[in-house]
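Notes for the one structure printed next.
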Amino acid sequence: AKEPVRVLVTGAAGQIGYALVPMIARGVMLGHDQPVILHMLDIPPAAEALNGVKMELVDAAFPLLKGVVATTDVVEACTGVNVAVMVGGFPRKEGMERKDVMSKNVSIYKSQASALEKHAAANCKVVVVANPANTNALILKEFAPSIPEKNITCLTRLDHNRALGQISERLNVQVSDVKNVIIWGNHSSTQYPDVNHATIKTPAGEKPARELVADDAWFNGEFITTVQQRGAAIIKARKLSSALSAASSACDHIRDWVLGTPEGTWVSMGVYSDGSYNVPAGLIYSFPVTCQNGEWKIVQGLSIDEFSRKKLDATAEELSEEKALAYSCLS
Ligand code: NAI
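Structure below.
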């Protein structure tokens, strides 16, 4: 039998946490034959609710779930974890300055970085979900220098999946037949959902999505804004932000990273830029990646037209500003 994998979920008493932990316990993240031990962290005001989630996990009698640690102690939460899903953070509240929110999250991610660095298992894989996701991941990376930078990522898979979903709805094709969209840049409204390399499986073979949709105005306009604004549309409809789709996408992110992407398919992940596609090095930026043997690799050599170039640069610009703002909170 396989040894259990320890998975940390921070902010586990929140709404994404509530959708995510049962998925992990059912094997959606790491495979249906992989036992798991869940480590759930939240802050003291949420301790009782967190304990309620633990009670429900016990009640659900998940065969793969070999243990649950529910705690408000960050060291206990991080000890021995192989995968860390960072969902906890400080939300932006009405009337708050961007800098104040950034400052709160910088201090959270700085201290959690140290705890992970000291106490997580070697080679722990980290995905940051909490916003500002890219910049929180960057702070985590900066303050956990002994964790390899390739192990620290942020979630843009939800945006990627939203792009697949929009194309599938528009063409009335199965979402599983659509692939290779790209989310470039920040998990924010400046992200660039790029369909120039996306394809659709048809009875006559794989066809470019642009060719099948045959509506460049839609792809260059409404499609992009719909994906960029989808989070806001969900909030408007649900009065709460996306939770089941965020949780499901976080599972996709880790599953593909650990178990590999299918041949010929790439996915979007926020990773530490090495300067590929002339994106400034030193930002956590969403790129197209393939994964094999537990390692991601940026897909190289894709053509970037002038329209795309501007959008890649604009979202990089925003990330550079966020980085500067985050650093200004440190001093
Ligand atoms: P929520 O407010 O329901 O839950 C957040 C939880 O984090 C709360 O239980 C809170 O007590 C906890 N928390 C706060 N500070 C903490 C700390 N220092 N350590 C541990 N836990 C802490 O929020 P929800 O809806 O679950 O969203 C979580 C985050 O995910 C938000 O930042 C949201 O903006 C982000 N998000 C990101 C998405 C993505 O695609 N990257 C998609 C949807 C949401």
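Sequential numbering from 2 applies to the sequence shown in UniProt numbering.
C-beta: ideal position from N, C-alpha, C; glycine also.
The model shown is predicted, which means the values in this text are computed figures rather than measured ones.
Contacting residues, own chain, Cβ-Cβ under 7 Å from residue i (five flanking each side not counted)
i	result
residue 338	Because the chain here runs from 2 to 332, residue 338 falls outside it and cannot be looked at.
L66	A26, V37, L39, L58
S277	F288, I299, Q301
R93	V102
Identified DSSP bridge partners for residue i
i	result
C292	W297
T154	V128
G206	T203
T11	L42, M87
Y286	V272
Y193	W185
T72	L42
K180	T200
Buried versus exposed, by CB contacts within 10 Å (16 or more), residue i
i	result
H188	buried
V88	buried
A121	buried
L245	exposed
S243	buried
E95	exposed
A123	exposed
Q113	buried
V290	buried
L51	buried
L313	buried
residue 344	Residue coverage of the chain in this structure runs from 2 to 332, which leaves residue 344 outside it and unanswerable.
I236	exposed
F220	buried
A238	exposed
K240	exposed
K311	exposed
G295	exposed
G206	exposed
Residue nearest to residue i in terms of C-alpha spacing, selected from the options
i	options	result
G28	V8, I17, D60, G89	V8
T227	T191, A122, L213	T191
G18	D74, D195, S250	S250
S200	D216, G186, I168	The identity of residue 200 in the sequence shown is Thr, whereas the question assumes Ser. With distances taken between Cα atoms, T200 lies closest to I168.
V196	L213, V75, V76, P204	L213
V10	V128, D217, G96	V128
V54	A238, G206, A20, T266	A20
A116	D74, T154, N152, M97	D74
A282	E77, Q229, L320	L320
E318	L284, N162, A234	L284
V6	T72, T316, I44, T80	T80
K3	F308, Q35, M97	Q35
Y286	I44, F63, D275	D275
S309	H198, G232, A233, G206	H198
Contact check, residue i vs residue j, beta carbons under 8 Å
i	j	result
L58	L39	yes
A247	V130	yes
V280	R158	no
K126	V84	yes
F144	K111	yes
V176	L165	yes
L156	H33	no
D160	I184	yes
E150	Y273	yes
P204	F224	no
T266	N181	yes
T316	G222	no
D178	K208	no
Same chain, Cβ closer than 6 Å to residue i, five either side skipped, listed in chain order
i	result
A47	A14
N106	G90, F91, N137
C252	M24, V29, M30
8 Å Cβ shell around residue i - same chain, five flanking residues per side excluded
i	result
M103	P133, T136, E323, L326, A327, C330
A61	P23, A26
W297	K151, T154, W258, M270, V272, V290, T291
D217	R211
heavy atom of the ligand MN below 7 Å from residue i C-beta
i	result
A164	No copy of the ligand MN appears in this structure; the ligands present are the ligand NAI.
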